[in-house]
Amino acid sequence: MVSLRALHAFSLLAKHGRAARAAEDLGVTPSALTHLLRSLENELGAALVVRDGRGLALTEEGQRLSSSLGNSFDQIEHAVEAFRRRSRTELRISTLSTVATRWLIPRLPDFQAKHPDIELLISTSMRVVDLDRESYDCAIRLGNGAWPHVERHMLWNEDLVVAFAPALAKGNSNPDISLLDNLRLLHTSSRRDDWPIWLDAAKLNHSDRTSGAMFESRNMAIQGAVAGMGAISIDTHFVEQEVEAGHLMVPDWPKTSMETGYWFVRNANKPLTRPVAAFRDWLIEQAAARNVSQD
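Sequential numbering from 0 applies to the sequence shown in numbering that gives the first Met the number 0.
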């Protein structure tokens with residue numbers, strides 16, 4: 000029987016047109032590839048390749064064999080890869096970019112360690128995805144929970160605090176709230192009301208209440224605050240890494256609780272699968288652990 004490895008070597012040469020690339024894909028040296036090709040020629044009794052000025056080229060017989068083989072080895076590779084992935088389950092999740100980058104992703108290694116067979120596909124969007132019509136298994140949404148036809152579990156109630164780079168406090172670990180008068184306020188275009196809401200709750204005013212540096216996302220505003228550009232009004236969950244690392248400080252100033260919160264949601268009309276249940280329970284556990292640590 001003709002050597003499949005030798006046939007694979009020939010197929011790769013025909014596919015790439017370069018011996019070095021074919022050898023790399025096969026995981027052998029160029030000389031070993033040449034040896035496999037010569038062995039195949041001996042077994043078939045035909046000259047399949049010839050050396051020209053640029054390297055190895057297919058002969059007329061080689062072109063005929065290549066045409067007959069087609070993409071057989073590609074199909075084999077796809078079949079093997081599909082077999083290897085048979086025990087892995089995809090879980091498609093939709094969420095906001097800030098939730099994904101600031102809260103979810105730093106915690107995901109723990110989920111992967113506990114559920115190595117679940118492959119996560121995470122998509123971010125500002126809109127509320129349609130769990131009836133779109134191919135998402137679940138989502139993390141911001142709102143008041145009043146969505147029809149969904150199973151919902153609140154992860155945390157949204158809050159707003161003030162955060163800024165410690166350098167702006169000039170060495171004072173617990174500055175008076177009057178310091179805010181001397182700080183520029185940083186805003187996010189999709190969250191224009193955050194500062195007015197916090198200022199109203201704290202019964203304060205500021206010249207930058209609705210003006211000042213504007214960022215497209217909260218991620219960018221957080222980086223601006225870390226750089227010392229000014230202060231941000233932000234949910235405490237999204238700056239915990241910067242605060243822990245000493246890049247930002249959250250002074251003992253008022254915290255404003257919002258009526259909205261972040262929720263795990265899924266289509267209640269669909270069967271609850273093991274991956275979705277595992278992710279839901281893990282999310283609730285992570286949120287509860289973080290909230291307890293803040294009490």
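Ideal placement from N, C-alpha and C gives every residue a C-beta, glycine not left out.
Asked, Found
"Three-state class that DSSP yields for residue 246 in the structure shown", "coil"
"Residue 43 versus residue 36 - alpha carbon distance", "11 angstroms"
"Check: residue 139 C-beta below 7 angstroms from any heavy atom of the ligand PLP", "No copy of the ligand PLP occurs in the structure displayed, which carries no ligand at all."
"C-beta atoms of residue 212 and residue 223 nearer than 8 angstroms", "yes"
"Whole-angstrom distance between residue 22 and residue 248, CA atom to CA atom", "56 angstroms"
"Supposed close pair residue 46, residue 29 - CB separation, criterion 8 angstroms", "So it is not a contact: roughly 19 angstroms between Cβ atoms."
"Cβ separation of residue 145 and residue 185, assumed to be a contact under 8 angstroms, to the nearest whole Å", "So it is not a contact: roughly 31 angstroms between Cβ atoms."
"Residue-chain proximity (residue 129, chain C), Cβ-Cβ < 8 angstroms", "The structure shown contains no chain C; it holds only a single protein chain."
"Among 267, 231, 218 and 72, nearest to residue 96 - alpha-carbon criterion", "218"
"Contact under 8 angstroms by Cβ, residue 88 with residue 133", "no"
"Opening and closing residue of the alpha helix (DSSP H) in which residue 43 lies", "29–43"
"Per DSSP, the bridge partner or partners of residue 261", "141 and 155"
"Close beta carbons around residue 296, own chain, < 6 angstroms, minus the five adjacent residues each side", "Since the displayed the chain opens at 0 and closes at 294, residue 296 lies outside it and no answer follows."
"Burial state of residue 136, where buried means 16 or more other Cβ atoms lie within 10 Å", "buried"
"Simplified DSSP assignment, three categories, for residue 219", "helix"
"For residue 295, the three-state DSSP class (helix, strand or coil)", "The chain is shown only over 0 to 294; residue 295 falls outside these bounds and no answer can be derived."
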